[in-house]
Structures are given as structure tokens and as C-alpha cells.
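Report on the structure given below.
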Amino acid sequence: MGLALWLRAPVWLPFLLVIALGWTGAHLTWSLWGRPTFHNPPPMARPLSKTPEIIFVHAITEHPLFGQPSKGAGSSIATTRLALTLLGVAATRDKKDSWAIIALGGAGAPERVFTIGSLIPGGAKILSIHPKEVILTLAGELQALKLNTGSSGIEAPAQPGGGMGPNLPQMLARQPMSLLKYIRPMPVFKSGHFAGYRVFPGARPRAFLRLGLAPGDIIQAINGITLTNPVQSLNLIHRLAQSHQPITLMVQDNGQVREITIPPSQP
């Protein structure tokens with residue numbers, strides 16, 4: 093079974109996270125120690141801005157973060173005829189933190205994360221983001237881009253259990269760079285001191301969203317232990333990778349701190 097299919101099993105999400113952070117921690121540690129033979133990974137995704145460029149290439153299934161269909165602000169606004177597909181939204185109370193995942197075309201088309209005020213190819217601008225739709229303005233006219241709630245073109249999640257083939261560590265040992273397709277951790281330094289990992293979805297964001305994370309979140313502590321240096325965080329992550337206990341993340345998002353508890357993976 094391929095890596096992409098395997099990672100859709102929810103029981104492996106905690107393992108995915110600790111492996112991703114551990115891999116980045118090892119890279120950072122080796123870099124600080126001057127290891128000469130390590131190849132730098134591709135450039136990390138940048139924090140969301142007015143014109144974000146986090147590009148996805150696969151359809152996304154519904155996630156609790158996307159919200160449930162409800163009567164939105166644009167119910168009386170005509171549906172846009174632009175070749176766009178709304179795959180997911182995070183409509184927050186603080187509007188500037190809301191974002192939407194939009195495919196620029198039909199099935200299999202490139203996808204991007206957009207925020208309010210973003211310009212979309214085709215001349216439209218995002219005016220507002222709601223739980224079931226995004227309101228666009230195009231040539232002075234308001235248009236609604238409805239959330240795609242269908243399942244066409246979206247593969248069913250893999251069932252955990254038998255037939256999994258090679259295990260995840262072996263797969264990542266052979267193709268470590270493939271991990272960056274799913275989650276991209278970036279070490280954060282404040283005033284010259286290590287302050288955790290800023291995380292972004294990779295080119296295939298399904299696993300990232302299932303963890304309850306949002307693009308640009310900073311993981312500051314794991315299971316109550318503050319991440320203060322790369323070596324300490326690497327040792328912690330290695331221990332977690334071998335346990336089957338719940339993982340509690342202390343996450344900072346635009347100055348706000350929240351906790352995310354991830355159920356334990358299965359042995």
C-alpha cells in the first residue's frame with residue numbers, strides 16, 4: 093500500500109506528527125553541529141498572507157474544522173460561474189484569521205489557501221468567508237462560491253489494519269522527503285532562542301487538517317514539556333514515537349494559545 097493511502101488511516105496521525113517534527117529536529121540539530129553531508133529540504137511554506145501561495149494538488153474530505161452547512165450571509169447572492177471549487181473553510185470569529193481552500197478549476201486542479209482580501213485568478217476578490225460559502229466580488233458584483241459537499245473524485249479513507257505492507261518508518265527511511273508532502277515543520281527562533289515549530293500543510297493537507305492544526309500554528313509544548321532547544325525536542329519526540337499515549341500540543345496562533353489533544357496511535 094502506498095504512503096499516501098496509508099497516511100489516511102487516522103490511527104497513524106500522531107505517529108506522522110512526531111516523525112515530522114523529529115525529522116526536522118534532527119535536520120536542525122545536524123545543521124547547528126555543522127554536519128556537511130545533509131541536504132536541505134525544499135523551501136518551507138510561508139505564513140499565510142494577503143496572497144498566500146500554499147498550493148495543494150489533491151481533493152480534501154470534509155473535516156470538523158470546515159463547519160456544517162448552514163444558512164449563510166450569501167444565501168440570496170447568485171452563485172458564481174467562475175471555474176472554482178470551494179473544498180474547505182475555516183470561518184473564525186476574527187475575520188482576518190479565516191481562510192478557504194479553493195481549487196482553481198475542476199477535479200484535480202491546483203488548490204490554494206486564500207484569506208479575506210485575496211485576489212483569485214480570474215479577477216475575483218474574496219470579500220468574506222462563511223461556514224458554507226465564500227462571498228466574492230467581481231466587477232462590482234457580489235457572487236457566492238458554495239462549499240463542495242459532494243464526494244465525487246474523493247477516495248474513501250483507508251481502513252486501518254491488515255494489508256498495510258511496509259511500515260511507516262521503513263517507508264520514510266527510503267523516502268524521507270515524501271513526508272513534506274503532508275506536513276512542513278519550520279523551527280521558530282525568538283530573540284535568538286528556539287521557541288518551537290511553526291507547521292504548515294504540505295501538498296496533501298488531509299492528514300494535517302485531521303490533526304486539528306491550522307496553517308501557521310506554532311507548537312510550543314508537547315505533553316506539558318516546553319520545547320526550548322532542538323536537542324531536547326528531538327529526544328522528546330523520539331520517546332513519543334515509541335509510545336502509544338495521547339499527545340497534547342500547546343499551540344500558539346496569532347498570540348492566542350490553545351491545546352490540541354491527539355488520541356493515541358495503535359501499536
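For the sequence shown, the positions run 93 to 359 when the working numbering is used.
Virtual Cβ for every residue (Gly too), placed ideally from N, Cα, C.
Member of the options whose CA lies at the smallest distance from the CA of residue i
i: Pro213; options: Leu234, Val181, Gly180 and Leu176; result: Leu176
i: Asn315; options: Thr340, Leu196 and Asn321; result: Thr340
i: Asp345; options: Phe281, Val181 and Asp309; result: Asp309
i: His222; options: Ser283, Val349, Leu234 and Ser190; result: Ser190
i: Arg276; options: His285, Lys282, Ser283 and Arg290; result: Arg290
i: Gly197; options: Arg173, Ser210, Gly209 and Lys217; result: Arg173
i: Ile87; options: Met342, Leu303 and Ala306; result: This structure leaves residue 87 out entirely; the chain is present only between 93 and 359.
i: Ser168; options: Ala236, Val280, Ile194 and Ile193; result: Ala236
i: His360; options: Gly304, Leu319 and Pro338; result: The requested residue 360 is not part of the displayed model; the chain covers only 93 to 359.
Buried versus exposed call for residue i [16 or more other C-beta atoms within 10 Å across all chains shown]
i: Phe292; result: buried
i: Val226; result: buried
i: Gly166; result: Note that Gly166 scores a pLDDT of 45, beneath 50, so its modelled location is shaky and nothing firm can be said.
i: Glu203; result: buried
i: Ala216; result: buried
CA-to-CA distance, residue j to residue i, given in whole angstroms
i: Lys238; j: Val205; result: 16 angstroms
i: Gly288; j: Glu351; result: 15 angstroms
i: Met278; j: Gly294; result: 12 angstroms
i: Asn321; j: Gly209; result: 37 angstroms
i: Leu301; j: Val181; result: 11 angstroms
i: Gln348; j: Ile311; result: 12 angstroms
i: Leu305; j: Leu211; result: 25 angstroms
i: Pro307; j: Lys224; result: 20 angstroms
i: Thr171; j: Ala192; result: 17 angstroms
i: Lys282; j: Ala313; result: 15 angstroms
i: Pro355; j: Leu303; result: 10 angstroms
i: Pro234; j: Asn240; result: In the sequence as presented, Pro is not what sits at residue 234; that position holds Leu. Taking the straight line from one Cα to the other gives about 19 angstroms.
i: Pro338; j: Ala231; result: 50 angstroms
i: Val280; j: Thr353; result: 22 angstroms
Residue i vs residue j beta-carbon contact at 7 angstroms
i: Thr207; j: Leu219; result: no
i: Leu179; j: Ala201; result: no
is_contact[residue i, chain D] using C-beta, thresh 7 angstroms
i: Gly308; result: The displayed structure is made up of one protein chain only, and chain D is not part of it.
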